[in-house]
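J.: To get this note's numbering, take the position in the sequence shown, counting from 1, and add 418.
Positions of the beta carbon are idealized from the N, C-alpha and C atoms, including for glycine.
Here the structure is a predicted model, which is why all the values come from computation and not from measurement.
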Amino acid sequence: MSALDWQKSSYCAQGNSCIHVANDQNFVALTESSDPSGAILRTSALAWAALIRAVKETRAHG
């Protein structure tokens, strides 16, 4: 696996409790900024897009 280009969430305030996301050709990865070398959650780009779409729809109707 090549090195990932992590991006911090735009909703992150100052501090260490942020989500970082990286995109690879085969998957989307997420990790917590306080321990970026710790647990990394990987999912398909399709599943990630479905999650983001569901969250946006929930916020629009909530």
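Between R471, E475, A431, H438, which lies nearest to L459 when the distance is taken from Cα to Cα?
T.: As a working mapping, residue 459 is identified with position 41 in the sequence shown. Closest by alpha carbon: H438.
J.: Taking the alpha helix (DSSP H) that I458 belongs to, which residues open and close that run?
T.: Position 40 of the sequence shown, counting from 1, holds the residue named residue 458. Careful: I458 lies outside any alpha helix (DSSP H) and carries neither H nor E.
J.: Taking 8 Å as the cut-off, decide whether the C-beta atoms of C436 and S428 are in contact.
T.: Mapped onto the sequence shown, residue 436 falls at position 18. Mapped onto the sequence shown, residue 428 falls at position 10. No.
J.: Thinking C-alpha only, which one of A472, W466, C430, S452 is nearest A440?
T.: Indexing the sequence shown from 1 puts residue 440 at position 22. For the residues A472, W466, C430, S452, the minimum Cα distance to A440 belongs to W466.
J.: Answer with buried or exposed for T476, where buried requires no fewer than 16 other C-beta atoms within 10 angstroms of its C-beta.
T.: Stepping through the sequence shown from its first residue, residue 476 is reached at position 58. The residue in question, T476, is exposed, as its Cβ has fewer than 16 Cβ neighbours within 10 Å.
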